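Residue numbers for the sequence shown follow this note's numbering, so the first one is 23 and each next one is one higher.
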Amino acid sequence: MRAATYHDRRDIRVEDVERGTVGAGEVRVDVDACGICGSDLHEYTAGPIFVPADEPHPVSGETAPIRMGHEFSGLVSEVGDGVTTLREGDAVAINPILCCGECRQCRSGNYHICDSIGFLGLSGGNGGFAESVVVDAEQAVPLGDDVPVEYGALVEPLSVALHAVRRSGLQAGDAVAVFGSGPIGLAVIQCARAAGAGTIFVSEPRDARRERAADCGADELIDPSATDAVEYVRSHTDGGVDVAFEVAGVEASFNDAVESTVPGGRTTVVSIWEEEVSTHLNNLVLGERTLTGTLAYLGGPRSDEEYGMVIEMLGDGRLDPEPFVTGRIGLESLVEEGFDRLVDPESDHVKILVRPND
């Protein structure tokens, strides 16, 4: 079958690979859609980061080349021995977390921050830029009847946002600032709105992305290239927001996020970083502000918990998938019409879905 494999920085190839067999406790999923994620783009332009290059990943046992794609959904087409929770034809979203199951974090149920954390499609295993994948049955979370299969590919990024909002301690009525409105930023806006946020400010330099932020529920839109975002937020609130989210991954947005919060406020960092940042810690200390990191979503035996919440919210309309998808392409066009378009600084694309079986 055809699949996309990561070999090195700016070297992703669509090539023939073995389909693999379905073992006990596993299922085969024919991929309907797989999103190109910001993490994929980091690997393409600056990696390998999550992709194991020199030493095998401790869970997958693999090194590059690996099959890419970790935001994906599809239909179960084969069920292995011992699987009783799924059957052929079920629509599922895949939770791609790889964990050892043995470290202190795994023993505590925090599989998503396992000492050996990895992700299908980044750290090894069967990635979703492929015609089909074989995964552990616990990683295949049923979509039910109310969520179109294609939109199952958005469950992963929406779960990142849901987990971030839960980590932030956001309370109903809190004023919120989101710095960056790419796919995860847009997802954070929707999840914050669903959690009962008050006024939501969004700082984003790209016009098209600010417009999509409004579609996702943002109240105040700021172009940081033309307006001092911190001063704008402070002047339109009682001295700052209660909660800020950093979702751009650049030093200026990190510092703006922290400084936009009221004393005692909370900043949650969602971005994956390519470089170190410089900051003045007095911005935290003197205002007793809190800085929190967030990674992914619950996984392992808990794969269906936050995924299940997102699926329910997609099904009842609390989350809207429409503002996210700006393109659909075939697998053979992955690099030219997918990765290269998304890394173009002039691109207005948000989320491009790859349809391997179209």
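Where is the CB? At the ideal position from N, CA and C, for every residue including glycine.
What you are looking at is a predicted structure, and each value in this text was computed from that prediction instead of being measured.
Sequence-distant residues of the same chain with beta carbon closer than 7 Å to residue i, five excluded per side
{"i": "V255", "result": "A199, F223, G262, V263 and S282"}
{"i": "E327", "result": "L320"}
{"i": "G147", "result": "S82 and L120"}
{"i": "E310", "result": "P285 and G286"}
{"i": "L353", "result": "R24, A26, V36, F151, V376 and P378"}
{"i": "D380", "result": "G352"}
Exposed unless 16 or more other CB atoms sit within 10 angstroms - verdict on residue i
{"i": "V376", "result": "buried"}
{"i": "R129", "result": "exposed"}
{"i": "D62", "result": "buried"}
{"i": "S247", "result": "exposed"}
{"i": "S82", "result": "buried"}
{"i": "T67", "result": "exposed"}
{"i": "N117", "result": "buried"}
{"i": "R126", "result": "exposed"}
{"i": "L356", "result": "buried"}
{"i": "S300", "result": "exposed"}
{"i": "G360", "result": "buried"}
{"i": "G149", "result": "buried"}
{"i": "L336", "result": "buried"}
{"i": "D196", "result": "buried"}
{"i": "T289", "result": "buried"}
{"i": "H302", "result": "exposed"}
{"i": "E37", "result": "exposed"}
{"i": "E110", "result": "exposed"}
{"i": "L165", "result": "buried"}
{"i": "E48", "result": "buried"}
{"i": "E344", "result": "exposed"}
{"i": "T259", "result": "buried"}
Reference residue i, options the options, closest by Cα
{"i": "G91", "options": "E77, D54 and S99", "result": "D54"}
{"i": "A175", "options": "S275, E226 and R350", "result": "R350"}
{"i": "G321", "options": "T289, D237, Q161 and T259", "result": "Q161"}
{"i": "L306", "options": "D278, A25, Q193 and N379", "result": "D278"}
{"i": "S190", "options": "E268, S257, E233 and V155", "result": "E268"}
{"i": "R340", "options": "E93, L180, G140 and L97", "result": "L180"}
{"i": "E296", "options": "V372, A183, G69 and I135", "result": "G69"}
{"i": "D168", "options": "A115, G195, E334 and P378", "result": "E334"}
{"i": "V292", "options": "R188, Y329, P323 and D237", "result": "R188"}
{"i": "V39", "options": "P87, A318 and D342", "result": "P87"}
{"i": "D52", "options": "G45, A152 and P343", "result": "A152"}
{"i": "D342", "options": "E253, A214 and P80", "result": "A214"}
{"i": "D370", "options": "G352, F346, D380 and L353", "result": "F346"}
{"i": "R363", "options": "I58, E48 and A46", "result": "I58"}
{"i": "C56", "options": "P367, L142, E124 and T221", "result": "L142"}
{"i": "E368", "options": "V252, T316, T259 and D229", "result": "D229"}
{"i": "L97", "options": "R50, H185, A183 and T259", "result": "R50"}
{"i": "A46", "options": "L108, F94, M23 and D250", "result": "L108"}
{"i": "S95", "options": "T106, D112, E84 and T85", "result": "D112"}
{"i": "E298", "options": "L308, T312, A274 and N304", "result": "A274"}
{"i": "A216", "options": "A240, E233 and N132", "result": "A240"}
Beta-carbon contacts of residue i that lie in its chain and below 8 Å, excluding the five residues immediately before and after
{"i": "A235", "result": "V200, S203, G207, L208, I211, V224, E226 and L243"}
{"i": "I294", "result": "G60, S61, H64, I71 and G271"}
{"i": "V163", "result": "V114, A115, I116, N117, V177, S325, D326, Y329, G330 and I333"}
{"i": "I34", "result": "A26, T27, Y28, Y66, M90, L356, V357 and F361"}
{"i": "I135", "result": "Q127 and L317"}
Range covered by the alpha helix (DSSP H) that runs through residue i
{"i": "F276", "result": "E273 to E281"}
{"i": "C128", "result": "R126 to R129"}
{"i": "H381", "result": "The requested residue 381 does not occur in the structure, where the chain is confined to residues 23 to 380."}
{"i": "A270", "result": "Run containing A270: none; DSSP gives neither H nor E here."}
{"i": "C213", "result": "P205 to A216"}
{"i": "T67", "result": "G60 to A68"}
{"i": "E253", "result": "A251 to S257"}
{"i": "E160", "result": "That residue, E160, is in no alpha helix (DSSP H); it is neither H nor E in DSSP."}
{"i": "V187", "result": "V177 to S190"}
{"i": "D54", "result": "Here D54 belongs to no alpha helix (DSSP H); instead the beta strand (DSSP E) covers E48 to G57."}
{"i": "V332", "result": "S325 to D338"}
{"i": "A230", "result": "D229 to D237"}
{"i": "L306", "result": "N304 to V307"}
{"i": "L364", "result": "D362 to V365"}
Extent of the continuous beta strand (DSSP E) run through residue i
{"i": "R350", "result": "V347 to G352"}
{"i": "D33", "result": "D33 to D38"}
{"i": "A318", "result": "Taken as a continuous stretch (DSSP letters only), A318 belongs to no beta strand (DSSP E), as it is neither H nor E."}
{"i": "L243", "result": "E242 to I244"}
{"i": "V200", "result": "V198 to F201"}
{"i": "G97", "result": "It is Leu, not Gly, that sits at residue 97 in the sequence shown. E93 to V101 is the extent of the beta strand (DSSP E) around L97."}
{"i": "V224", "result": "I222 to S225"}
{"i": "V372", "result": "Per DSSP, V372 belongs to no beta strand (DSSP E) and is neither H nor E."}
{"i": "I294", "result": "That residue, I294, is in no beta strand (DSSP E); it is neither H nor E in DSSP."}
{"i": "I71", "result": "That residue, I71, is in no beta strand (DSSP E); it is neither H nor E in DSSP."}
Spatial neighbours of residue i in its chain, beta-carbon cut-off 6 Å, leaving aside the 5 residues before and after
{"i": "R10", "result": "For the chain, the structure presents residues 23 to 380; residue 10 sits outside this window and is missing."}
{"i": "H31", "result": "The sequence as given places Arg at residue 31; His does not occur at that position. Once the five neighbours on either side are set aside, the close Cβ partners of R31 are G69."}
{"i": "S138", "result": "P80, V81 and C122"}
{"i": "T314", "result": "R189 and T290"}
Would you be able to state if there are at least three C-beta pairs under 8 Å between the region 167-174 and the region 69-81?
-> With the cut-off at 8 Å, the region 69-81 and the region 167-174 do not touch.
Taking 8 Å as the threshold, find out whether the region 147-157 comes into contact with the region 98-118 through three or more Cβ pairs.
-> In this structure the region 147-157 lies against the region 98-118, because at least three pairs of beta carbons, one per stretch, are closer than 8 Å.
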